[in-house]
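S.K.: For the sequence shown, position 489 (counting from the first letter as 1) is numbered 545 according to our numbering, and the numbering increases by one without interruption.
Here a beta-carbon is modelled for each residue, glycine too, at the ideal position from N, C-alpha and C.
Take a look at this one; I'll ask things after.
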Amino acid sequence: MFKLIKYFKSYILYILLIVGFLLVQAWSELSLPEYMANIVSKGIAVSNTNYIYEAGVQMLLLSLLSIACATVVGFLASRVAAAFSRDIRSDIFQKITNFSNTEFDKFSTASLITRSTNDITQIQMFAVMMLRLVFFAPIMGIGGVLKAIDNSEGMGPIAWVIIVAVASLVLLILYVILIALPKFKLIQKLVDKLNLVTRESLTGIMVIRSFNTQSHEESKFEKANMDLTRTNLFVGRVMAIMMPMMMMILYGVSMSVIWVGAYYADNMIELGNMLAFIAYAMQIIFAFIMVSMVFFLLPRASVSANRVHEVLTTEPSIVDPAESASMNENVGIVEFKNVSFRYPGAEDDTLKNISFTALPGQTTAFIGSTGSGKSTLINLIPRLYDATDGDITVGGVSIRNMTQETLRSYIGYISQKGILFSGTIESNLKYADENASDELMTKAAEVAQVLDFIESSENKFGESIAQGGTNVSGGQKQRLSIARALVKNSPIYIFDDSFSALDFKTDSNVRKALKEYTTDATVLIVAQRISTIMNADQIIVLDDGKIVGKGTHRELLDSCEVYKDIATSQLSKEELN
Numbered sequence: 057m058f059k060l061i062k063y064f065k066s067y068i069l070y071i072l073l074i075v076g077f078l079l080v081q082a083w084s085e086l087s088l089p090e091y092m093a094n095i096v097s098k099g100i101a102v103s104n105t106n107y108i109y110e111a112g113v114q115m116l117l118l119s120l121l122s123i124a125c126a127t128v129v130g131f132l133a134s135r136v137a138a139a140f141s142r143d144i145r146s147d148i149f150q151k152i153t154n155f156s157n158t159e160f161d162k163f164s165t166a167s168l169i170t171r172s173t174n175d176i177t178q179i180q181m182f183a184v185m186m187l188r189l190v191f192f193a194p195i196m197g198i199g200g201v202l203k204a205i206d207n208s209e210g211m212g213p214i215a216w217v218i219i220v221a222v223a224s225l226v227l228l229i230l231y232v233i234l235i236a237l238p239k240f241k242l243i244q245k246l247v248d249k250l251n252l253v254t255r256e257s258l259t260g261i262m263v264i265r266s267f268n269t270q271s272h273e274e275s276k277f278e279k280a281n282m283d284l285t286r287t288n289l290f291v292g293r294v295m296a297i298m299m300p301m302m303m304m305i306l307y308g309v310s311m312s313v314i315w316v317g318a319y320y321a322d323n324m325i326e327l328g329n330m331l332a333f334i335a336y337a338m339q340i341i342f343a344f345i346m347v348s349m350v351f352f353l354l355p356r357a358s359v360s361a362n363r364v365h366e367v368l369t370t371e372p373s374i375v376d377p378a379e380s381a382s383m384n385e386n387v388g389i390v391e392f393k394n395v396s397f398r399y400p401g402a403e404d405d406t407l408k409n410i411s412f413t414a415l416p417g418q419t420t421a422f423i424g425s426t427g428s429g430k431s432t433l434i435n436l437i438p439r440l441y442d443a444t445d446g447d448i449t450v451g452g453v454s455i456r457n458m459t460q461e462t463l464r465s466y467i468g469y470i471s472q473k474g475i476l477f478s479g480t481i482e483s484n485l486k487y488a489d490e491n492a493s494d495e496l497m498t499k500a501a502e503v504a505q506v507l508d509f510i511e512s513s514e515n516k517f518g519e520s521i522a523q524g525g526t527n528v529s530g531g532q533k534q535r536l537s538i539a540r541a542l543v544k545n546s547p548i549y550i551f552d553d554s555f556s557a558l559d560f561k562t563d564s565n566v567r568k569a570l571k572e573y574t575t576d577a578t579v580l581i582v583a584q585r586i587s588t589i590m591n592a593d594q595i596i597v598l599d600d601g602k603i604v605g606k607g608t609h610r611e612l613l614d615s616c617e618v619y620k621d622i623a624t625s626q627l628s629k630e631e632l633n
């Protein structure tokens, strides 16, 4: 938790105000027992009604002052805690957006969501409690002790009652921390797991329904849910026992002080002083109870803080150079020089000694069996991952010598899934260039063969798109994603199996229009279908992470057995010939 203290620096003035109001509140509450003792000794004992009235009014004013201070402290503490969590949330989001795919693989999307939401909420709750009680409880405790000592004449035996009660509370707090802390760590991991199962089920709901595996998914969710519930119940039972035990100690102190005070009252203790001492004893014990409440929240907040801090201190594996190297005129030339890649923790390379050159005005295609490394290779160009060995150059400059922003400004990237964002068709097409003209959008949509769909929609380019594009078909998503990349008007286009959801006719029309639109651009296509890439200027065949063939469709049919097998399985004899 202390690792995140730096986020309070911006709100030091508010914190000083909180401390100031807490001091006034503590002074008010510590003064009340004195007035009560004086009312008994100087008012009730001698039947002085005027004194009772005056002291009572003063007690009322002090109580109102205490309430006002507590209200202001609550408002300021909530404001500081909310701003504190907002700043952490902003920093963690900014950090996550700079992560490469390696860091996403390390944490998982579900865990990052939990850390950005649930964990920060836990920290915020603790921050509110800390600001309100961590300062107030010690002031009340120490002030109560000093006041009790001031009124302790002849009350030595009663002091031992307080000492025993405080010791009992300390042992209780330690017990809770030792028992609960490991469980709180487990709870946050189980929340991650539950989020993962939920996210997986919701994302794949269509597949789940098509295979009638709802019961299997329900069983997975039930297990994750029950694991979390059992752990929460265990912690809940521990916490449920704590508060009654604390209240028992509090009331036990009250009864013990009265009983011991009554035993010694004949000769040693004045009634007013005894009442004041009881009040101070209650304040001391209550101060420890307030501290214990903070300690109850501390284990879970500490776990959450460590998880958040882990994200904030994780440096992206892909780091930009201090200055971005300038490109030469041939921006579109993409070259791989003996490139190898291995996923973190893997024993073998996914890609091995990959070398090729993709030129402007040409289409370079990649094909191979599932798991051959096609998408991994294509993801190295925009530095979604960094090559383990070798070098990749764009426009004659190593991509490691360019900032990621500069590099990606030259690339129009279309992913396998065809991801769309909530908004409208227009907002999605203008995602890379918000100043894109209507003519450019229309042209891009026409090339992507999605203009007819847009024109037939009720609101045309203003038609709503749901999160993830769930209100459009897979083919429409892919075509809109292609149009979005074309609006960017880049010198390099990467199509990562971006035609898989298109029918053969639409696929053919899109590729034909793309050929005309991207005359001067470098086009790189990953595909599973031979028909998608057979007219490419250069086809690279991958098998087990290695290049096993390179050439045109006709050349590869004669020279590459892997390509020939794929082609034979997809094309008729007439198409092969």
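Between Ser-554 and Ser-537, is the Cβ-Cβ spacing less than 8 Å?
M.R.: Counted from its first residue, the sequence shown places residue 554 at position 498. Counted from its first residue, the sequence shown places residue 537 at position 481. Cβ atoms of Ser-554 and Ser-537: closer than 8 Å.
S.K.: So the candidates are Ile-467, Arg-464, Tyr-487; which of them puts its Cα closest to the Cα of Ile-475?
M.R.: The residue given as residue 475 occupies position 419 in the sequence shown. Out of Ile-467, Arg-464, Tyr-487, Tyr-487 has the C-alpha closest to the C-alpha of Ile-475.
S.K.: Going by CA-CA distance only, name the one from Asn-251, Arg-363, Ser-310 that's closest to Ala-337.
M.R.: Residue 337 sits at position 281 when you count from the first residue of the sequence shown. That would be Ser-310, whose Cα lies nearest to the Cα of Ala-337.
S.K.: Compare the beta carbon distance of Pro-438 and Leu-415 with 8 Å and say whether it is the shorter of the two.
M.R.: Translated into the one-based positions of the sequence shown, residue 438 becomes position 382. Translated into the one-based positions of the sequence shown, residue 415 becomes position 359. Taking 8 Å as the Cβ cut-off, Pro-438 and Leu-415 do not qualify as a contacting pair.
S.K.: When you compare only the Cα positions, how much space is there between Asp-445 and Met-181?
M.R.: If you number the sequence shown from 1, residue 445 lands on position 389. If you number the sequence shown from 1, residue 181 lands on position 125. Roughly 47 Å between the two C-alpha positions.
S.K.: Sort Lys-473, Asp-442, Ser-471, Glu-403 by Cα distance to Thr-459 and report the nearest one.
M.R.: Within the sequence shown, the letter at position 403 stands for residue 459. Selected option, being the one with the closest Cα: Asp-442.
S.K.: Can you give me the Cβ contacts of Leu-189 inside the same chain, cut-off strictly under 8 Å, excluding the 5 residues immediately before and after it?
M.R.: Numbered from 1 along the sequence shown, position 133 holds the residue referred to as residue 189. Answer for Leu-189: Met-346, Val-347, Met-349, Val-350, listed in chain order.
S.K.: With a cut-off of 8 Å on the beta carbons, I'd call Thr-420 and Ala-569 a contact; round off their distance for me.
M.R.: The residue labelled residue 420 in the question sits at position 364 within the sequence shown. The residue labelled residue 569 in the question sits at position 513 within the sequence shown. 19 Å between Cβ atoms; not a contact.
S.K.: Can you name the start and end residues of the beta strand (DSSP E) that Asn-545 belongs to?
M.R.: For the purposes of this step, residue 545 is taken as residue 489 along the sequence shown, with counting starting at 1. Looking at the DSSP string, Asn-545 is not in any beta strand (DSSP E), and its letter there is neither H nor E.
S.K.: Just to check, is the beta-carbon of Ala-592 closer than 7 Å to a non-hydrogen atom of the ligand ATP?
M.R.: Ligands are entirely absent from the displayed structure, and the ligand ATP is therefore not among its contents.
S.K.: Using DSSP with H/G/I as helix, E/B as strand and the rest coil, what is Asn-409?
M.R.: If you number the sequence shown from 1, residue 409 lands on position 353. Reduced to three states, the DSSP call for Asn-409 is strand.
S.K.: For the beta strand (DSSP E) holding Glu-391, just list the boundary residues, first then last.
M.R.: As a working note, residue 391 is residue 335 in the sequence shown. Segment 390–397, the beta strand (DSSP E) holding Glu-391.
S.K.: Can you give me the C-alpha to C-alpha distance between Thr-413 and Ala-361, rounded to a whole angstrom?
M.R.: Position 357 of the sequence shown, counted from the start, is the residue given in the question as residue 413. Position 305 of the sequence shown, counted from the start, is the residue given in the question as residue 361. Taking the straight line joining both Cα atoms gives about 47 Å.
S.K.: Would you call the stretch 529–548 and the stretch 466–485 touching, i.e. three or more CB-CB distances under 8 Å?
M.R.: As far as the Cβ criterion goes, the stretch 529–548 touches the stretch 466–485, which means the pair count is three or higher.
S.K.: Using the Cβ count rule (16 or more neighbours within 10 Å means buried), how would you classify Gln-532?
M.R.: As a first step, residue 532 must be located in the sequence shown, where it is residue number 476. Buried, since its Cβ has 16 or more Cβ neighbours within 10 Å.
S.K.: To the nearest angstrom, how far is it from the Cα of Glu-617 to the Cα of Ile-596?
M.R.: Within the sequence shown, numbered from 1, the residue matching residue 617 stands at position 561. Within the sequence shown, numbered from 1, the residue matching residue 596 stands at position 540. Looking at the two C-alpha atoms, the distance is approximately 13 Å.
S.K.: Apart from the five residues on each side of it in sequence, which residues of its chain come closer than 6 Å, Cβ to Cβ, to Gln-594?
M.R.: Here residue 594 refers to the residue found at position 538 of the sequence shown. Cβ within range, chain order: Thr-420.
S.K.: Taking C-beta to C-beta, are Val-313 and Phe-344 nearer than 8 Å?
M.R.: Working through the sequence shown from its first residue, we reach residue 313 at position 257. Working through the sequence shown from its first residue, we reach residue 344 at position 288. No.
S.K.: Please state whether DSSP places Phe-551 in a helix, a strand or coil.
M.R.: Locating residue 551 in the sequence shown gives position 495, where the first residue counts as 1. Residue state, collapsed to three classes: strand.
S.K.: Between which two residues does the beta strand (DSSP E) holding Gln-594 run?
M.R.: Taking the sequence shown and counting its residues from 1, one reaches residue 594 at position 538. Unbroken beta strand (DSSP E) run through Gln-594: 594–599.
S.K.: Can you tell me which of Tyr-91, Tyr-63, Leu-354, Ile-586 puts its alpha carbon nearest to the alpha carbon of Leu-331?
M.R.: As a position in the sequence shown, residue 331 is number 275, starting the count at 1. If we check each option's Cα against that of Leu-331, Tyr-91 comes out closest.
S.K.: Go ahead and pull the three-state DSSP assignment for Leu-187.
M.R.: Numbered from its first residue, the sequence shown carries residue 187 at position 131. Residue state, collapsed to three classes: helix.
S.K.: Apart from the five residues just before and just after Val-506, which ones in its own chain have a Cβ nearer than 6 Å to its Cβ?
M.R.: In the sequence shown, counting from the first residue as 1, residue 506 sits at position 450. Once the five neighbours on either side are set aside, the close Cβ partners of Val-506 are Arg-535, Leu-536, Ala-539.
S.K.: Considering Val-27, what are the terminal residues of the alpha helix (DSSP H) in which it resides?
M.R.: Outside the displayed range of the chain (57 to 633) lies residue 27, so it cannot be described from this structure.
S.K.: For Thr-170 and chain B, any beta-carbon pair shorter than 8 Å?
M.R.: The structure shown has no chain B; it contains just one protein chain.
S.K.: Helix, strand or coil for Ala-343? Go by DSSP, reduced to three states.
M.R.: What you label residue 343 is simply residue 287 of the sequence shown in a count that begins at 1. Ala-343: helix per DSSP, three-state reduction.
S.K.: Whose CA, out of Leu-598, Met-185, Leu-289, Asp-143, lies closest to the CA of Phe-131?
M.R.: Counting from one through the sequence shown, the residue named residue 131 turns up at place 75. Per the Cα distances, Met-185.
S.K.: Work out the CA separation of His-365 and Tyr-63 for me, nearest whole Å.
M.R.: The count along the sequence shown starts at 1 and reaches residue 63 at position 7. The count along the sequence shown starts at 1 and reaches residue 365 at position 309. One C-alpha to the other measures close to 12 Å.
S.K.: So what does Ser-454 bridge to, in DSSP terms?
M.R.: By one-based count along the sequence shown, residue 454 stands at place 398. DSSP lists Thr-449 as partners of Ser-454.
S.K.: Where do the ends of the alpha helix (DSSP H) carrying Gly-130 lie?
M.R.: On the sequence shown, residue 130 is found 74 positions in, with the first residue counted as 1. Its alpha helix (DSSP H) spans residues 105–153.
S.K.: In its own chain, which residues sit with a C-beta less than 8 Å from the C-beta of Thr-406, not counting the 5 before and 5 after it?
M.R.: Numbered from 1 along the sequence shown, position 350 holds the residue referred to as residue 406. Within the same chain, Thr-406 has close Cβ partners Phe-397, Arg-398, Tyr-399, Gly-429, Thr-432, Gly-601.
S.K.: Does Lys-473 come out as helix, strand or coil in the three-state DSSP assignment?
M.R.: Sequence index remark: in the sequence shown, residue 473 carries index 417 (1-based). Of the three classes helix, strand and coil, the one that applies to Lys-473 here is coil, per DSSP.
S.K.: Between which two residues does the beta strand (DSSP E) carrying Val-582 extend?
M.R.: Residue mapping note: residue 582 aligns to position 526 of the sequence shown, counting from 1. Unbroken beta strand (DSSP E) run through Val-582: 578–582.
S.K.: What span of residues does the beta strand (DSSP E) with Val-604 cover, start to end?
M.R.: Indexing the sequence shown from 1 puts residue 604 at position 548. Looking at the DSSP string, the run of the beta strand (DSSP E) that includes Val-604 is 602–607.
S.K.: Can you tell me whether Tyr-67 is buried or exposed, with buried defined as 16 or more other CB within 10 angstroms of its CB?
M.R.: Residue mapping note: residue 67 aligns to position 11 of the sequence shown, counting from 1. With 16 or more Cβ atoms within 10 Å of its Cβ, Tyr-67 is classed as buried.
S.K.: Per the contact definition of three or more C-beta pairs closer than 8 Å, is the stretch 240–260 in contact with the stretch 159–175?
M.R.: Touching, yes, given that three or more Cβ pairs across the two stretches are closer than 8 Å.
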